[in-house]
Amino acid sequence: MQSNAGGNCISRKMVLYDPVRCYQHDLKSQAGQPIYMAVKGVVFDVTSGKEFYGKDAPYNALTGKDSTRGVAKMSLDPADLTQDTTGLTQDELKSLDDIFNNVYKAKYPIVGYTSWRILNEDGSPNKNFRPEDQPHFSIKEEF
């Protein structure tokens, strides 16, 4: 990860995004900056869909954060714009998987992962994270 003169984080390789410091604040639809959003802890560059995700676009609320729940529920309610999938119905979980695979993974480049996907809140490794199961993720190439 590199910083420009303004201290903003700019991704050039697959990176791990800290939701407070860089991901949430610095990569949300700023002029000339890429537009990033995350689904299921995978950060996508959705800049090519700026008519959907750019400033004042219909799905701009999904950007700059992990919006997994909102994608699953097809909701733009701020309360749903979170990674939390607790209480989602089977239909919502199926919808989430379909959209994740057939829209985001199919159309947009993966630029990194959110820290919660790889690390627990205390900073310890997430034992459920398996690099071999991650799309476009290679420890040898990326770290």
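Going by full-length UniProt numbering, the sequence shown runs without a break in its numbering and finishes at 143. Cβ atoms here follow ideal geometry from the backbone N, Cα and C, with glycine treated the same way.
How about residue i and residue j: do their beta carbons lie closer than 8 Å?
i, j, result
"alanine 57", "lysine 50", "yes"
"alanine 71", "leucine 88", "Reading the sequence as shown, one finds valine at residue 71 and not alanine. For valine 71 and leucine 88, no; Cβs fall outside 8 Å."
"alanine 38", "threonine 114", "yes"
"valine 46", "isoleucine 35", "yes"
"phenylalanine 129", "isoleucine 118", "yes"
"glutamine 90", "tryptophan 116", "no"
"tyrosine 104", "serine 48", "no"
Would you please state the rounded distance, in angstroms, between the beta carbons of residue i and residue j? I believe it to be under 8 Å.
i, j, result
"lysine 40", "threonine 68", "5 Å"
"isoleucine 110", "phenylalanine 44", "6 Å"
According to DSSP, residue i sits in a beta bridge with which residue or residues?
i, result
"threonine 86", "In the DSSP output, where bridge partners are listed per residue, threonine 86 has none listed."
"proline 125", "Leu119"
"methionine 37", "Phe44"
"isoleucine 110", "Phe44"
"aspartate 66", "Ala38"
Around the Cβ of residue i, are there at least 16 other Cβ atoms within 10 angstroms (buried) or fewer (exposed)?
i, result
"methionine 74", "exposed"
"threonine 63", "buried"
"glycine 112", "buried"
"glycine 32", "exposed"
Would you say residue i lies against chain C (beta-carbon separation less than 8 Å)?
i, result
"methionine 37", "Protein chains in the displayed structure number just one, and chain C is not present."
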